[in-house]
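Student: Encoded as structure tokens, here's the structure I'll be asking about.
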Amino acid sequence: MAFTTTSNFAGKAAGFYISAALKQANSLDYLTSIENIKFKSNIQKMAGSGVVADATCDFTGAGTLALTEKVLEPKNLQINLDLCKSTLLDSWEALQMRAGAGAPPPASFDDYVISYMGEIIAQATEESIWSGTAVAGKFNGFLGAATGYLLPGVDATVVQSTASGAYVAGNIIANLQTLTADMAANISAVLRKEDLHIYMSPKTYALYISAVSTLGYVNAYNMNGDYEPVFEGYKIAVCPSLPDNQMVAATKSNLYWGTDLLSDFGTTGTGARIALMDMSQLDGSDNIRVVCRFSGGVQTGVGADIVRQS
């Protein structure tokens, strides 16, 4: 019997898989998400000056409030792909025949393809969040510019901390101490914020673990239980796509991720809509046509409350 599959996912079934895949873009856990952006969203910043004055019996105006804005404009992206069924069928059939009495129910072939596409979207999203540039298939990331400052839209108000050199196990603690000293000197107003993190790459974090291991602080890197990685009390956020030899200190509430979470084909809660079309009934080929559309973009809030080391 010939193997065929016919589907046109564009709702909850597709949404479940894409949503789960996007959660694998770990950096999203440490960003503030803004949903339902069809085009642009303005991030408004209010700054007050001299508003508290000595009391009088009369109404006497004092101080100023300055409102400024930054624009978060997610970029629309897509996947248009023809997949020959045979290229994925072998691995899917192996999944169907998974050994063991306790093996989970096998996925349908359509679900398998959707999950595979979801992994591709997750990887592309994670890479763009920190290192993306304005090229095809990517959006501008926080560190994707050659200007030396966080992007997009942040200028020299971002505090720059200088590392002593490329990170190695022998200097990572000293570089972290330089970073925290610059944090104390420049962003003291947010030091006690619950959502303050030091963002670093997996390699940088591995160097830190190696350093504390050498020093004999076993409890500092015990991964059992509910351990939360910290340095001198500051929480560490390990972000897969953050470039090596760079760290960023910022609050989650000051780093924004924007996407359109409402699909044009219904509310999926994913920011992506995906369709699978079996072309065998249309042109006689053995291809599956994958069509997916999604959007993403990042923006910072107050640049002066961010410290970047490189």
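Numbering (this note's numbering), first residue to last: 31 to 340.
Where is the CB? At the ideal position from N, CA and C, for every residue including glycine.
From a predicted model like this one, the values you see are computed outputs, not experimental measurements.
1. For the pair the region 149-165 and the region 257-268, tell me if three or more CB-CB distances fall below 8 Å.
2. Is the beta carbon of K68 sitting closer than 8 Å to the one on V101?
3. Measuring alpha carbon to alpha carbon, tell me which of Q276, N317, S145, E156 ends up nearest S194.
4. Would you please state the rounded distance, in angstroms, between the beta carbons of V189 and Y229? I believe it to be under 8 Å.
5. Nearest to G93 by alpha carbon, out of A85, V81, E103, C87?
6. Just tell me which of I336, T210, C322 has its CA closest to the CA of L111.
7. Does D59 pass the burial test, meaning 16 or more other C-beta atoms within 10 Å, or should it be called exposed?
8. From G171 to Y142, what does the alpha carbon distance come to, in whole angstroms?
9. Please check the pair D335 and A280, which I expect to be a contact at CB under 8 Å, by giving their CB distance rounded to whole angstroms.
10. Helix, strand or coil for V192, going by three-state DSSP, please let me know.
11. Buried or exposed: which applies to N66, given that a residue is buried once 16 or more other Cβ atoms fall within 10 Å of its Cβ?
12. Looking at K105 and G326, is the spacing between their C-beta atoms short of 8 Å?
13. Helix, strand or coil for S325? Go by DSSP, reduced to three states.
14. Please state whether the Cβ-Cβ distance between L209 and V337 is less than 8 Å.
15. Using a Cβ-Cβ cutoff of less than 7 Å, which residues in the same chain neighbour Y273 once the five nearest sequence positions on both sides are dropped?
16. If you count every other CB in all the chains shown that lies within 10 Å of the CB of Q339, and 16 or more means buried, which is it?
17. Between Y197 and L237, how many whole angstroms is the CB-CB distance? I'm expecting something under 8 Å.
18. Is it buried or exposed for S116, if we count other Cβ within 10 angstroms and need 16 for buried?
19. Taking F139 as the reference, which of D308, Q329, N284, L312 has the closest Cα?
20. Quick check on T330: does DSSP put it in helix, strand or coil?
21. With DSSP as the reference, label A215 as helix, strand or coil.
22. Taking the alpha carbon of G167 as the reference point, which residue from R222, K282, I109, G91 has its own alpha carbon closest?
23. Looking at the strands, I want to know which residues DSSP matches up with D112.
Tutor: Inspection of the coordinates gives the following:
1. Touching, no.
2. No, these two residues do not count as a Cβ contact at 8 Å.
3. With distances taken between Cα atoms, S194 lies closest to Q276.
4. Contact doesn't hold; Cβ gap of about 14 Å is too wide.
5. Of A85, V81, E103, C87, the residue nearest in Cα terms is V81.
6. Closest option to L111, judged by alpha-carbon separation, among I336, T210, C322: C322.
7. It counts as exposed.
8. Those two C-alpha atoms are separated by around 30 Å.
9. Cβ atoms of D335 and A280 come within 8 Å of each other, at about 7 Å.
10. The sequence given here has Thr at residue 192, not Val. When DSSP states are grouped into helix, strand and coil, T192 belongs to the coil group.
11. Exposed, because fewer than 16 other Cβ atoms sit within 10 Å of the Cβ of N66.
12. Taking C-beta atoms as the reference points, G326 and K105 count as a pair closer than 8 Å.
13. Of the three classes helix, strand and coil, the one that applies to S325 here is strand, per DSSP.
14. Taking 8 Å as the Cβ cut-off, L209 and V337 qualify as a contacting pair.
15. Note that residue 273 is Pro in the sequence shown, not Tyr. Closer than 7 Å at the Cβ level, and outside the excluded window around P273, lie W160, S161, L173, S231.
16. A residue is called buried when at least 16 other Cβ atoms come within 10 angstroms of its Cβ; Q339 meets this threshold and is buried.
17. With a Cβ gap of about 6 Å, Y197 and L237 count as contacting.
18. Exposed is the label assigned to S116, since fewer than 16 other Cβ atoms lie within 10 Å of its Cβ.
19. Nearest option by C-alpha distance: D308.
20. Three-state DSSP puts T330 in a strand.
21. Here A215 sits in helix by DSSP.
22. Comparing Cα-Cα distances from G167 to each of R222, K282, I109, G91, the minimum goes to I109.
23. Paired residues: R319.
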